[in-house]
Amino acid sequence: MINIEHLVKNYGKIEALKDISFNIQPGEIVGFLGPNGAGKSTAMNILCGYLSCTSGSAKVGGIDILENPIEAKKLIGFLPEIPPLYLDMTVIEFLKFVYELKGCTLNREKHLEEICGVVEIEDQKDRLIRNLSKGYRQRVGIAQALVGNPPVIIFDEPTVGLDPLGAHMLRDIIRKLRDEGKTVLLTTHYLPEV
Numbered sequence: 000m001i002n003i004e005h006l007v008k009n010y011g012k013i014e015a016l017k018d019i020s021f022n023i024q025p026g027e028i029v030g031f032l033g034p035n036g037a038g039k040s041t042a043m044n045i046l047c048g049y050l051s052c053t054s055g056s057a058k059v060g061g062i063d064i065l066e067n068p069i070e071a072k073k074l075i076g077f078l079p080e081i082p083p084l085y086l087d088m089t090v091i092e093f094l095k096f097v098y099e100l101k102g103c104t105l106n107r108e109k110h111l112e113e114i115c116g117v118v119e120i121e122d123q124k125d126r127l128i129r130n131l132s133k134g135y136r137q138r139v140g141i142a143q144a145l146v147g148n149p150p151v152i153i154f155d156e157p158t159v160g161l162d163p164l165g166a167h168m169l170r171d172i173i174r175k176l177r178d179e180g181k182t183v184l185l186t187t188h189y190l191p192e193v
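For the sequence shown, numbering that gives the first Met the number 0 begins at 0 and goes up steadily by one.
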């Protein structure tokens with residue numbers, strides 16, 4: 000489902016990624032482990048089409064992210080380290096906005112209701128995102144990654160700043176995604192989390 004081959008990313012003379020290769024099969028959960036500054040986020044940003052690589056290739060579902068970015072991105076739900084949230088929107092307004100951006104064709108009300116249930120934010124739907132705690136903002140970030148029911152979910156440092164209950168909830172969500180046959184890739188610098 001995910002195929003990275005000989006990926007290199009240079010910033011001038013600085014080599015952020017040096018010839019990394021790996022494959023992840025459909026339905027697998029994989030932790031991408033490394034210390035801060037090791038290039039984990041750079042690799043995820045290339046895989047999601049936010050950065051280009053210096054050389055090598057990144058494919059999702061057999062589709063090269065550089066050659067056909069729109070089709071590849073349709074297969075990915077991505078939660079960056081800092082969730083991309085609009086703080087002046089309510090949770091449900093934001094999720095409807097993401098639904099429209101992704102061109103989702105599933106029944107909107109039912110689909111968003113299911114996602115809110117999975118991440119346990121049903122009671123927060125009408126609150127402004129700016130008024131949510133860090134943990135609930137992270138849940139909204141996870142929810143936006145799930146919109147459109149993508150087969151590949153990528154979480155970049157998903158538990159940063161979460162309390163133990165929030166981290167436990169995230170692990171439960173990852174297990175549910177696995178049970179649905181999704182491929183999950185998460186980055187972290189924290190070995191016990193993997």
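We treat Cβ as the ideally placed atom computed from N, Cα and C, and that holds for glycine.
Proximity below 8 Å, CB of residue i to CB of residue j
i      : j      : result
Leu65  : Ser54  : no
Ile23  : Leu176 : no
Leu111 : Ile91  : yes
Ser40  : Glu4   : no
Val118 : Ile141 : yes
Ile128 : Leu86  : yes
Thr182 : Met0   : yes
Asp18  : Val7   : yes
Gly180 : Gly33  : no
Ile120 : Leu46  : no
Residues sharing a beta bridge with residue i, DSSP
i      : result
Leu162 : Note that residue 162 is Asp in the sequence shown, not Leu. The partner list for Asp162 (beta bridge, DSSP) is empty, contrary to what the question assumes.
Leu184 : Val29 and Ile153
Tyr10  : Ile13
Gly38  : Paired residue(s): none; Gly38 is not in a bridge.
Leu78  : Phe154
Ile3   : Phe21 and Ala57
Simplified DSSP assignment, three categories, for residue i
i      : result
Ala144 : helix
Lys124 : coil
Asn44  : helix
Glu66  : coil
Asp87  : coil
Glu112 : helix
Asn106 : coil
Val118 : coil
Lys73  : coil
Gly60  : coil
Lys101 : coil
Leu196 : Only positions 0 to 193 of the chain appear in this structure, which leaves residue 196 out of reach.
Leu94  : helix
Leu131 : coil
Supposed close pair residue i, residue j - CB separation, criterion 8 Å
i      : j      : result
Gly244 : Gly165 : Within the shown structure, residues of the chain are numbered from 0 to 193, placing residue 244 beyond reach of any answer.
Ala196 : Gly38  : Within the shown structure, residues of the chain are numbered from 0 to 193, placing residue 196 beyond reach of any answer.
Glu194 : Ile62  : A query on residue 194 cannot be resolved here, the shown segment of the chain reaching from 0 to 193 and no further.
Arg107 : Lys124 : At roughly 13 Å, the Cβ-Cβ gap does not stay under 8 Å, so Arg107 and Lys124 are not in contact.
Val97  : Gln137 : The Cβ separation is near 15 Å, so there is no contact.
Lys72  : Asn2   : That belief does not hold up - the Cβ atoms of Lys72 and Asn2 are roughly 16 Å apart, past 8 Å.
Inspect the CB distances between the stretch 130 to 148 and the stretch 61 to 76 and report whether three or more fall short of 8 Å. yes
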